[in-house]
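The numbering used here applies: residue 136 is where the sequence shown begins, and numbers increase by one.
Note that CB positions come from ideal geometry on N, CA and C, so glycine has one too.
First the structure, in the form of structure tokens, and then the observations on it.
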Amino acid sequence: MTKGTTSFGKRHNKSHTACRRCGKTSYHIQKKTCSSCGYPAKKMRNFNWGQKAKGRRTVGTGRMRYMKTLTRRFKNGFREGTQAKKMIASKE
């Protein structure tokens with residue numbers, strides 16, 4: 136048996152399929168775990184040696200419907216339901 140090019144031609148079985156949590160083709164069919172996000176584990180898989188991978192899926196890579204307004208609301212003290220007072224022109 137050879138271990139190089141001829142052996143690679145015989146590989147045609149899929150070991151990984153699409154993951155339902157992260158969408159990557161990293162879900163191992165026999166192990167039933169995702170090598171990318173760690174599904175079905177409750178916590179997302181991430182390591183400090185993978186800084187680039189962390190950055191790809193961290194906060195700020197999506198729509199940020201809530202987070203993008205947070206700094207402005209924090210600056211104003213999270214006030215809600217108030218109107219600015221009308222400025223009356225001074226008579227001179």
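Going by the CB atoms, is the gap between residue j and residue i shorter than 7 Å?
i    : j    : result
H163 : H147 : no
K189 : N181 : yes
Y174 : R198 : no
Identify every residue that forms a DSSP beta bridge with residue i.
i    : result
C169 : Y162
T152 : Y162
Using the beta-carbon count (16 or more within 10 Å), is residue i buried or exposed?
i    : result
S171 : buried
Comparing C-alpha positions only, which one of the options sits nearest to residue i?
i    : options                : result
C154 : K167, K145, T140, R198 : K167
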